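Below is one structure, written out as structure tokens, with a few remarks after it.
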Amino acid sequence: MDLITSLQEITKLSHLYYSRQWMFATAGNLSTRDNLTHNQFWITASGKHKGELKESDFVCVSTIDGSLVQANDGLKPSAETSIHQVLYSQMPEVGSCLHVHTIDSNLLEFGVGKEEGCKEITLPPIEIIKAFGIWDEKPNLTMPVFYNHTHVPTIANEIKRYFQNHGIPKVPFLLIEGHGPTVWGKTIAEANKHLEAVHFLLQVMARRI
6 MDLITSLQEI
16 TKLSHLYYSR
26 QWMFATAGNL
36 STRDNLTHNQ
46 FWITASGKHK
56 GELKESDFVC
66 VSTIDGSLVQ
76 ANDGLKPSAE
86 TSIHQVLYSQ
96 MPEVGSCLHV
106 HTIDSNLLEF
116 GVGKEEGCKE
126 ITLPPIEIIK
136 AFGIWDEKPN
146 LTMPVFYNHT
156 HVPTIANEIK
166 RYFQNHGIPK
176 VPFLLIEGHG
186 PTVWGKTIAE
196 ANKHLEAVHF
206 LLQVMARRI
């Protein structure tokens, strides 16, 4: 998929997520890897209303160090660009990362401590897990849940450290407590499928409390 088509697709998702109440106002951020260079990705610019997003509201960032490569006048990368940069740099096969703020993901509390940084939380072995390509019967899976530091690069560093110490999670997502899920996929369509499955999974978890 060429870059223009990719940005059009991800812009449509932004409008869809806004209508689903997953990305109110300027909350959340969506990105896609630049397939031509591979060492760059395009992410929603900071402060842009996700219900009114346009294809021109993206900036190009390096997957290597997160530095700004290209942007229209006045646009800055999302405050959470460092998280996307870590995901792209740690998983070369990933083509898209999506981060939203759903109600259920904010209602769930796991008590992750600031010094602790991260906890692995057991997931219910429900049918929706198959959307992640996991077909084991009653799989024993966990998701990494990270402390919501005000300084976002601190979260990014803890995600990178987790990946280096524990490997890539078996499930294609992570959760920042009191914030929201971030998912990834080889394509935009796959990342969207994963996000819809994560939303359902977190709904189930929130209702079991």
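Each residue of the sequence shown is one higher than the last, beginning at 6 in our numbering. Ideal placement from N, C-alpha and C gives every residue a C-beta, glycine not left out. Predicted model, so just to flag it, every value in this text is computed and none were measured.
Let me see if you follow: with CB-CB separation under 8 Å, is residue i close to chain C or not?
i      : result
Asn145 : The chain labelled as chain C is not found in the depicted structure, where only one protein chain is given.
Less than 8 Å separating the beta-carbons of residue i and residue j?
i      : j      : result
His20  : Leu58  : yes
Ile15  : Leu41  : no
Lys191 : Gly100 : yes
Quick one: grab the DSSP three-state call for residue i.
i      : result
Pro158 : helix
Ser61  : coil
Ala216 : Shown here, the chain extends from 6 to 214; a query on residue 216 therefore has no answer.
Ala50  : strand
Val2   : Missing from the structure shown is residue 2; the chain here goes from 6 to 214 and no further.
Ser83  : coil
Ile131 : coil
Gln45  : strand
Arg166 : helix
How many whole angstroms separate the CB atoms of residue i and residue j, which I take to be in contact at a CB cut-off of 8 Å?
i      : j      : result
Gly183 : Asn111 : 6 Å
Leu146 : Val176 : 6 Å
Leu180 : Pro186 : 5 Å
Val150 : Val117 : 6 Å
From which residue to which residue does the alpha helix (DSSP H) around residue i run?
i      : result
Arg212 : Ile193 to Arg213
Leu112 : Ile108 to Leu112
If you follow the beta strand (DSSP E) that residue i is in, where does it begin and where does it stop?
i      : result
Ile181 : Phe178 to Ile181
Leu35  : Asn34 to Arg38
Ala103 : The question names Ala, yet the displayed sequence has Leu at residue 103. Counting along the chain, the beta strand (DSSP E) containing Leu103 begins and ends at Ser101 to His104.
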